Amino acid sequence: MDDRLYDVVIVGAGPAGLSAAIMLGRAKRSVLVLSLPDRRNSSATTVHNVPFADGATPAEVYARMEGDAQEYGVGIRWEEVVTASTRDDHVIVEGALSGPVRGRRLLLATGRADELPSWLPDGVWGRSAFDCPYCHTHERDDGAYVCVGHNAEALKLAALTVQYARELTVVVSDPALARTALAALLAERGVTVLVDTVAHARVLPSDALELKTASGTALTADTLLLADVARARRRLPEALGLDLTDQGFPETTLYGLTSDPLVYSAGNVEGSPYFMWTGAAGSGINAARMICEDLAFTTDLTKHGG
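Number 312 marks the last residue of the sequence shown (this note's numbering); no jumps.
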């Protein structure tokens with residue numbers, strides 16, 4: 007059992023959690039990061055739209071950030087967090103391997119979880135199937151694109167990627183979407199909008215995907231874009247009794263403070279599908295700054311008789 011009282015315990019070692027950990031470590035705060043080793047973009051081959059790291063692998067970027075954090079004294083443990091709770095002046099975080107650890111403040115930086123359709127073949131997510139219209143489309147120019155979804159997000163993905171596509175098809179399950187102004191605009195640009203659902207998919211020898219719809223239509227996708235697959239990780243926020251948004255993310259201030267004064271949240275806190283890597287990192291830095299000020303103006307003064 008770890009008997010230390012850390013200044014900050016961070017759950018999640020993605021861009022938000024590690025950016026916060028580095029800043030807090032530089033501020034000479036005692037910091038412990040608990041996280042599983044796989045991050046949301048770990049399956050991607052490269053990262054893009056990340057300053058000074060364009061084209062690097064996720065593993066390379068995270069290894070550099072982990073090294074920077076540890077250089078500033080941050081501890082990192084690769085384990086799942088089972089639950090978390092608060093006391094009057096500290097939080098208790100239960101690790102699956104190391105048991106409970108205590109911190110004056112807790113930063114949740116667990117990001118989002120991807121709820122992928124059952125028909126998606128193994129091994130294609132992050133390689134030929136994505137949910138972001140910005141991070142990998144430039145590298146997949148002039149191919150056959152298919153966008154799939156149950157709501158208007160599928161049409162929005164198509165509108166944002168049509169310039170990369172040699173041909174583009176949108177598959178939506180709601181017939182009303184095919185009658186919208188955006189669907190008409192896409193049709194003017196040569197995009198096919200199908201009211202259907204995908205029933206099956208397989209990887210072709212060319213590495214493209216062959217999709218079969220419920221009505222029997224066959225589609226070939228060099229690049230597949232999936233709408234509305236991201237979900238909030240609700241387990242820890244609910245265990246802590248935090249106020250949540252309609253999407254299930256903790257309600258926060260601009261600087262990540264939740265409804266519990268001991269708990270902060272950073273990363274995809276508002277649930278936006280376009281809150282990308284650099285935005286998550288920036289929110290981690292904002293939360294770290296507020297935590298530094300919180301501790302300096304309250305806990306530290308009390309501890310030193312201020």
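Heads up, the beta-carbon is just placed ideally off N, CA and C, and yes, glycines get one too. Here the structure is a predicted model, which is why all the values come from computation and not from measurement.
Option in the options with minimal Cα separation from residue i
i, options, result
"A313", "E173, Q169, V199", "Residue 313 lies beyond the stretch modelled for the chain, which goes from 7 to 312, so this question has no answer here."
"Y78", "A65, I28, H54, T116", "I28"
"R83", "T51, V17, F303, V176", "V17"
"T51", "A65, R172, P43", "A65"
"F58", "R46, V97, M71", "M71"
"Y41", "Y68, E86, S48", "Rather than Tyr, the amino acid found at residue 41 in this sequence is Ser. When only C-alpha atoms are compared, the closest one is E86."
"G146", "V130, Y170, K162", "Before going further, note that residue 146 is Arg rather than Gly in the sequence given. Selected option, being the one with the closest Cα: Y170."
Residue(s) in a DSSP beta bridge with residue i
i, result
"F136", "L231"
"W84", "S41"
"T175", "V152, T198"
"Y78", "Y78 is not bridged to any residue."
Beta-carbon proximity check, residue i vs residue j, cutoff 8 angstroms
i, j, result
"H156", "D137", "no"
"A236", "R118", "yes"
"L114", "V269", "yes"
"V209", "V177", "no"
"T226", "D202", "no"
"A233", "E299", "no"
"V168", "L192", "yes"
"D228", "A214", "yes"
"Y68", "S36", "no"
"L188", "A165", "yes"
"G290", "S124", "no"
"E39", "W283", "Note that residue 39 is Val in the sequence shown here, rather than Glu. Against a cut-off of 8 angstroms, the Cβ pair of W283 and V39 comes out as no contact."
"L217", "A135", "no"
Minimum Cβ-Cβ distance from residue i to chain C less than 8 angstroms
i, result
"L113", "Looking at the structure shown, chain C is missing, and only one protein chain is on hand."
Assigned secondary structure, residue i (DSSP; H/G/I helix, E/B strand, else coil)
i, result
"S25", "helix"
"P267", "coil"
"S289", "helix"
"P64", "helix"
"P168", "One point to set straight first is that residue 168 is Val, not Pro, in the sequence displayed. Here V168 sits in helix by DSSP."
"E145", "helix"
"P127", "coil"
"G312", "With a pLDDT of only 44 at G312, under 50, the local geometry of the prediction cannot be trusted, and the value read off the model is given with reservation. Three-state DSSP puts G312 in coil, outside helix and strand."
"D252", "coil"
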